[in-house]
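*Asks:*
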Amino acid sequence: MIPASFDYLAPTTVAEALAALAEHGDEAKVLAGGQSLLPILRMRLNAPGIVIDLGKIAELQGISEDGDELVIGAMTTYAAVLASGAVSTHAALLSKAIATVADPQIRHRGTIGGALVHADPAGDVGAPALALGARYVIAGADGATRTVEADDFFEDLFTTAVGEGELLTQIRVPKHTGWGAHYEKFVRVSHQWSIVGIAATVRSEGGTIAEARVGLTNMGSTPLRAKAVEQALVGQPATDEAVRSAVASVAEGTNPPSDLNGDAVYRKHLASVLTRRAVLAAAGA
Amino acid sequence: MTRITVTVDGTKYSDEVEPRKLLVSYLREDLGKTGTVIGCDTSNCGACTVHLDGTSVKSCNVLAVQADGHEVTTIEGLAQNGELHPVQTAFHECHALQCGYCTPGMIMQTCDLLKNNPDPSEQEIREGLEGNLCRCTGYHNIVKAVQQAARQGHESGTAAADGSPAETADAEQSVGATA
Ligand SMILES: Cc1cc2nc3c(=O)[nH]c(=O)nc-3n(C[C@H](O)[C@@H](O)[C@@H](O)COP(=O)(O)OP(=O)(O)OC[C@H]3O[C@@H](n4cnc5c(N)ncnc54)[C@H](O)[C@@H]3O)c2cc1C
Ligand code: FES
Ligand code: FES
Numbered sequence: 001m002i003p004a005s006f007d008y009l010a011p012t013t014v015a016e017a018l019a020a021l022a023e024h025g026d027e028a029k030v031l032a033g034g035q036s037l038l039p040i041l042r043m044r045l046n047a048p049g050i051v052i053d054l055g056k057i058a059e060l061q062g063i064s065e066d067g068d069e070l071v072i073g074a075m076t077t078y079a080a081v082l083a084s085g086a087v088s089t090h091a092a093l094l095s096k097a098i099a100t101v102a103d104p105q106i107r108h109r110g111t112i113g114g115a116l117v118h119a120d121p122a123g124d125v126g127a128p129a130l131a132l133g134a135r136y137v138i139a140g141a142d143g144a145t146r147t148v149e150a151d152d153f154f155e156d157l158f159t160t161a162v163g164e165g166e167l168l169t170q171i172r173v174p175k176h177t178g179w180g181a182h183y184e185k186f187v188r189v190s191h192q193w194s195i196v197g198i199a200a201t202v203r204s205e206g207g208t209i210a211e212a213r214v215g216l217t218n219m220g221s222t223p224l225r226a227k228a229v230e231q232a233l234v235g236q237p238a239t240d241e242a243v244r245s246a247v248a249s250v251a252e253g254t255n256p257p258s259d260l261n262g263d264a265v266y267r268k269h270l271a272s273v274l275t276r277r278a279v280l281a282a283a284g285a
Numbered sequence: 286m287t288r289i290t291v292t293v294d295g296t297k298y299s300d301e302v303e304p305r306k307l308l309v310s311y312l313r314e315d316l317g318k319t320g321t322v323i324g325c326d327t328s329n330c331g332a333c334t335v336h337l338d339g340t341s342v343k344s345c346n347v348l349a350v351q352a353d354g355h356e357v358t359t360i361e362g363l364a365q366n367g368e369l370h371p372v373q374t375a376f377h378e379c380h381a382l383q384c385g386y387c388t389p390g391m392i393m394q395t396c397d398l399l400k401n402n403p404d405p406s407e408q409e410i411r412e413g414l415e416g417n418l419c420r421c422t423g424y425h426n427i428v429k430a431v432q433q434a435a436r437q438g439h440e441s442g443t444a445a446a447d448g449s450p451a452e453t454a455d456a457e458q459s460v461g462a463t464a
């Protein structure tokens with residue numbers, strides 16, 4: 001199918017894009033890589049009056065370092081994140097998770113900002129961003145920016161702190177240099193969305209887990225962080241037995257969906273198995 | 286309508302298009318490049334794969350207006366001076382097709398894969414073609430063809446995957462000059 005008709009603007013600066021958003025209000029829809037938005041428009045699940053394409057805004061692209069943070073422009077493609085040595089050195093969890101997203105063609109177009117604002121609960125980028133404590137720079141109609149903390153970004157299904165008339169401009173990821181990382185994505189067939197996914201990154205000292213961060217994909221309406229499990233892992237040896245018992249309660253308090261791929265009880269079981277695997281792999285065990 | 290300027294298979298085009306027009310529809314309907322096919326409505330199958338500035342994309346999931354100012358290579362632009370591209374030859378010789386519907390996309394994605402990884406393992410080939418479905422399920426010979434193209438790339442000392450941005454730019458200029 002083809003989308004319903006819309007007008008089209010391709011601004012070259014963030015200021016122009018914000019002005020266009022302010023002018024057109026809820027008639028407008030922002031286009032990043034289009035890898036979620038274009039299927040939605042083609043299925044006519046949405047029919048905006050005007051599409052504002054961010055593809056020509058150079059200032060939204062690229063990866064840089066700012067002290068102990070990595071700064072990733074919202075329009076940086078998955079492929080560019082995967083090719084970045086800075087990301088694999090300082091935030092390996094993000095590289096590992098993004099490598100599992102969709103297929104090479106979609107990773108050439110899809111952007112990290114688009115994925116995060118889209119906030120599909122089965123998407124693979126939210127949980128690692130949450131686990132790494134990423135912060136989000138959001139620009140509003142008056143041109144002012146605000147920074148939203150990791151725990152406040154994801155609000156509900158497909159809903160984030162980015163409001164109408166606003167743009168996500170940067171993702172600021174605290175460096176986790178030297179931390180091991182693993183993203184354990186459970187799918188039945190290749191090229192599928194996560195049934196459950198676990199993002200784990202671990203700082204080890206000798207064979208002992210000194211610090212751990214764990215994020216959960218598709219275990220509720222937003223990505224989740226398993227803070228109790230992170231605490232329970234501290235000081236544990238990176239052995240199957242110790243990690244198994246530390247992560248056993250990972251699904252406590254979660255509210256995963258039930259669908260054709262599995263019911264909520266099955267997903268809760270999966271979460272503890274996959275968390276053990278992810279933590280052990282991240283710890284290099 | 287929005288005016289776009291796009292270089293496709295070495296020739297520069299300037300056209301008025303509706304913003305909602307998909308790149309694949311622009312290629313097929315406006316330019317007559319029907320070598321690029323549509324196999325699904327969900328951007329899963331990869332049959333429509335082309336190169337945008339030298340990297341593979343699903344042209345059913347890109348708007349024509351997003352290609353403004355960029356270069357597109359389709360399956361019709363791979364052969365040079367009547368000589369099949371090495372990946373095309375390998376698909377032919379290994380009988381890597383049954384009905385042939387997925388083939389244009391498979392070949393375009395194979396070029397992208399070999400450009401990034403000239404010597405892929407079988408697993409890497411299968412993962413690199415993850416976004417391309419063969420309804421006839423003839424994956425076995427497709428993998429063989431990719432392996433043969435990779436070997437030939439080594440023997441001739443050139444990557445079988447031209448379509449890399451620099452090489453494409455040269456090739457396309459010469460095509461454009463004679464067109
Ligand atoms: C076949 C297929 C398979 C897929 N498989 C997976 C998978 O396995 N895992 C996975 O995680 N994802 C998967 N995806 C989804 C994909 O990762 C997209 O969610 C991602 O590419 C979205 O980024 P985009 O740049 O393409 O955003 P777009 O589609 O352009 O935009 C998405 C939404 O975000 C808004 N938006 C984008 N950028 C901004 C911004 N800077 N500021 C404010 N709003 C913005 C848009 O208005 C839109 O609502 C798949 C997609 C397809 C088609
Ligand atoms: S037609 Fe484009 S992916 Fe199927
Ligand atoms: S050969 Fe028929 S779809 Fe692949």
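So the sequence lines, in the order shown, correspond to chains A and B. So the first sequence is residues 1 to 285, counted in this note's numbering. So the second sequence is residues 286 to 464, counted in this note's numbering. Virtual Cβ for every residue (Gly too), placed ideally from N, Cα, C. Bear in mind the structure is a predicted one, so any value in this text is a computation, not a measurement.
1. Closer than 8 Å, Cβ to any Cβ of chain A: which residues of the segment 290–306 of chain B, in chain order?
2. Got a sec: is the Cβ-Cβ distance from Gly67 (chain A) to anything in chain B below 8 Å?
3. Using the DSSP secondary-structure output, state which residues sit across from Glu205 (chain A) in a beta bridge.
4. Applying the 10 Å Cβ sphere with the 16-neighbour rule, what's the burial state of Ala364 (chain B)?
5. Between Gln394 (chain B) and ligand 3, is there a pair consisting of the residue's CB and a ligand heavy atom that are separated by less than 7 Å?
6. So which residues on chain C does Lys400 (chain B) lean against when the C-beta distance must stay under 8 Å?
7. Nearest chain B C-beta to Gln35 (chain A) closer than 8 Å, yes or no?
8. Hey, does Ser406 (chain B) have any beta-carbon neighbour from chain A nearer than 8 Å?
9. I want to check one thing, is the minimum distance from the CB of Ser258 (chain A) to the heavy atoms of ligand 2 below 7 Å?
10. List the residues that DSSP assigns as beta-bridge partners of Val148 (chain A).
11. Within the 8 Å Cβ cut-off, does Gly324 (chain B) reach chain A?
12. Between which two residues does the alpha helix (DSSP H) harbouring Ser84 (chain A) extend?
13. Could you name the residues of the same chain whose beta carbon sits closer than 6 Å to that of Glu452 (chain B), not counting the 5 residues immediately before and after it, in chain order?
14. Can you give the Cα-Cα distance for Tyr183 (chain A) and Pro3 (chain A), rounded to whole angstroms?
15. Using 7 Å as the cut-off, classify the Cβ of Cys387 (chain B) as near or not near the heavy atoms of ligand 3, replying yes or no.
16. Here's the rule I'm using: 16 or more other beta-carbon atoms within 10 Å means buried, otherwise exposed. How should Ala462 (chain B) be labelled?
17. In terms of alpha-carbon separation, which member of B:Thr287, B:Lys318, B:Leu308 and B:Pro405 lies closest to Leu337 (chain B)?
18. If we cut at 8 Å on Cβ distances, does Val51 (chain A) have a partner in chain B?
19. Any heavy atom of ligand 1 closer than 7 Å to the beta-carbon of Ala74 (chain A)?
20. Measuring only between beta-carbons, confirm whether Pro48 (chain A) sits less than 8 Å from chain B.
21. Reducing DSSP to helix, strand and coil, say where Ala271 (chain A) ends up.
22. Three-state secondary structure (DSSP) at Ala456 (chain B)?
23. Roughly how many whole angstroms lie between the Cα atoms of Ala464 (chain B) and Lys297 (chain B)?
24. Helix, strand or coil: which one does DSSP assign to Pro304 (chain B)?
*Replies:* Taking the geometry as given:
1. Glu303, Pro304, Arg305 and Lys306: these are the residues of the segment 290–306 of chain B whose beta carbon lies less than 8 Å from some beta carbon of chain A, given in chain order.
2. It does not: the Cβ of Gly67 (chain A) has no partner Cβ on chain B nearer than 8 Å.
3. Bridge partners of Glu205 (chain A): A:Thr208.
4. Its Cβ having fewer than 16 others within 10 Å, Ala364 (chain B) is exposed.
5. Result no, Cβ not under 7 Å from ligand 3.
6. Absence of chain C from the displayed structure is noted, the protein chains being A and B.
7. Chain B, which has a Cβ nearer than 8 Å to the Cβ of Gln35 (chain A), makes this yes.
8. Using a Cβ-Cβ cut-off of 8 Å, Ser406 (chain B) does not count as an interface residue toward chain A, since no Cβ of chain A sits closer than that to its own.
9. Not so, every heavy atom of ligand 2 lies at least 7 Å from the Cβ.
10. Note: Val148 (chain A) sits in a beta bridge opposite A:Tyr136.
11. It does not: the Cβ of Gly324 (chain B) has no partner Cβ on chain A nearer than 8 Å.
12. From DSSP, Ser84 (chain A) is part of no alpha helix (DSSP H); its letter is neither H nor E.
13. Its pLDDT being 40, under 50, Glu452 (chain B) is placed unreliably in this model, and the value from its coordinates should be taken loosely. For Glu452 (chain B), same chain residues with a beta-carbon under 6 Å away, outside a window of 5 residues either side, do not exist.
14. In a straight line, the C-alpha of Tyr183 (chain A) is about 35 Å away from that of Pro3 (chain A).
15. Yes, the Cβ of Cys387 (chain B) comes within 7 Å of a heavy atom of ligand 3.
16. Note that Ala462 (chain B) has pLDDT 33, beneath the 50 cutoff, so the model's placement of it is unreliable and the number below is only indicative. Taking all protein chains shown into account, Ala462 (chain B) has fewer than 16 neighbouring C-beta atoms within 10 Å of its C-beta and is therefore exposed.
17. Looking only at B:Thr287, B:Lys318, B:Leu308 and B:Pro405, the smallest Cα-Cα distance to Leu337 (chain B) is reached by B:Leu308.
18. Flagged as an interface residue toward chain B: Val51 (chain A), by a C-beta distance shorter than 8 Å.
19. Yes, since a heavy atom of ligand 1 falls inside the 7 Å radius drawn around the Cβ of Ala74 (chain A).
20. With 8 Å as the cut-off, Pro48 (chain A) does not count as an interface residue toward chain B.
21. Here Ala271 (chain A) sits in helix by DSSP.
22. Confidence is the limiting factor: at Ala456 (chain B) the pLDDT is only 37, short of 50, which leaves the residue's position unreliable, though a coordinate-based value still follows. Reduced to three states, the DSSP call for Ala456 (chain B) is helix.
23. Low confidence applies to Ala464 (chain B): its pLDDT is 30, below 50, so where it sits in the model is not reliable enough to give any reading.
24. Reduced to three states, the DSSP call for Pro304 (chain B) is coil.
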